[in-house]
Amino acid sequence: MISKRKINTFTLFKLPSVFFMGVRVKEISETSCVTSVKHQWINQNPFNSLFWAVQGMAAELSTGAMVMGAIKESGQHISMLVANNKANFSKKATGRINFTCSDGHLISEAINNTIATGEGQTFWMKSIGTDESGDLVSTFEFEWTVRLKPNK
């Protein structure tokens, strides 16, 4: 499995806006991932709370990090892309916000199917954002697509 340190270093070089906004992977396994971001001056909106797009970065990383890890484990050349997303906001996001995704079990089936059939596969993953009190702040859903890359 890919480590949180490798993902956090990857964001510095490949997703610098994620890194500089303070989004970090805190825990990762094959089935779940937790990311965290703290409300600061650089990532706030005019209403003195965490900008919705920064919440989206943290939520997407909590799903995508597991997809990246599963693709690496497969040993195949597979592309990944978000096709759709949905978001709901239920409370002002201040302080430290954690995003938890526990949908890692959906990834291996999609990767195995795309390897077996050569066809692209899609699946939805949910990330739940909570504040330091454990209150729900936002919920994001991402539709991931995976497909084999053509041989060159």
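According to numbering that gives the first Met the number 0, the residues represented by the sequence shown are 0 to 151, in order. Ideal Cβ placement from N, Cα and C applies to all residues, glycine included.
Span separating the alpha-carbon of residue i from that of residue j
{"i": "Ala69", "j": "Trp51", "result": "28 angstroms"}
{"i": "Ala82", "j": "Asn47", "result": "30 angstroms"}
{"i": "Ile110", "j": "Ile27", "result": "19 angstroms"}
{"i": "Asp102", "j": "Pro45", "result": "33 angstroms"}
{"i": "Thr129", "j": "Val136", "result": "5 angstroms"}
{"i": "Val24", "j": "Ser31", "result": "11 angstroms"}
{"i": "His38", "j": "Val22", "result": "10 angstroms"}
{"i": "Leu14", "j": "Thr8", "result": "9 angstroms"}
{"i": "Val33", "j": "Ser89", "result": "19 angstroms"}
Cβ-based neighbour list, residue i, same chain, cut-off 7 angstroms, excluding 5 preceding and 5 following
{"i": "Glu131", "result": "Gly94 and Arg95"}
{"i": "Lys71", "result": "Ile1"}
Same chain, Cβ closer than 6 angstroms to residue i, five either side skipped, listed in chain order
{"i": "Ser126", "result": "Ala58, Ser61, Thr62, Phe98, Cys100 and Phe139"}
{"i": "Glu142", "result": "Ala82, Asn83, Thr121 and Trp123"}
{"i": "Thr10", "result": "Val17 and Phe18"}
{"i": "Asn87", "result": "Thr138"}
{"i": "Lys3", "result": "Val24 and Ile27"}
{"i": "Ile6", "result": "Val24 and Ala64"}
{"i": "Lys85", "result": "Glu140"}
Among the options, nearest to residue i - alpha-carbon criterion
{"i": "Asn42", "options": "Thr30, Gly55 and Lys85", "result": "Gly55"}
{"i": "Ile1", "options": "Gly74, Glu108, Val136 and Asn112", "result": "Gly74"}
{"i": "Glu29", "options": "Thr113, Gly117, Glu108 and Gly133", "result": "Glu108"}
{"i": "Val66", "options": "Leu105, Leu11 and Thr34", "result": "Leu105"}
{"i": "Leu49", "options": "Thr113, Lys91, Leu147 and Val24", "result": "Lys91"}
{"i": "Asn150", "options": "Lys5, Ser78 and Asp134", "result": "Ser78"}
{"i": "Thr116", "options": "Lys148, Lys85 and Thr34", "result": "Lys148"}
{"i": "Leu80", "options": "Ile114, Asp134, Thr144 and Val33", "result": "Thr144"}
N-terminal and C-terminal residue of the beta strand (DSSP E) that residue i is part of
{"i": "Phe18", "result": "Looking at the DSSP string, Phe18 is not in any beta strand (DSSP E); the run it does join, the alpha helix (DSSP H), is Pro15 to Phe19."}
{"i": "Ile41", "result": "Taken as a continuous stretch (DSSP letters only), Ile41 belongs to no beta strand (DSSP E), as it is neither H nor E."}
{"i": "Glu29", "result": "Careful: Glu29 lies outside any beta strand (DSSP E) and carries neither H nor E."}
{"i": "Met79", "result": "Ile77 to Phe88"}
Spatial neighbours of residue i in its chain, beta-carbon cut-off 8 angstroms, leaving aside the 5 residues before and after
{"i": "Met20", "result": "Val36, Ile41, Asn42, Val53 and Met56"}
{"i": "Thr118", "result": "It should be pointed out that residue 118 corresponds to Glu in this sequence rather than to Thr. Counting only Cβ-Cβ distances below 8 angstroms, and skipping sequence neighbours, we find Asn112 and Arg146."}
Range covered by the alpha helix (DSSP H) that runs through residue i
{"i": "Met56", "result": "Trp51 to Ser73"}
{"i": "Ile110", "result": "His104 to Thr116"}
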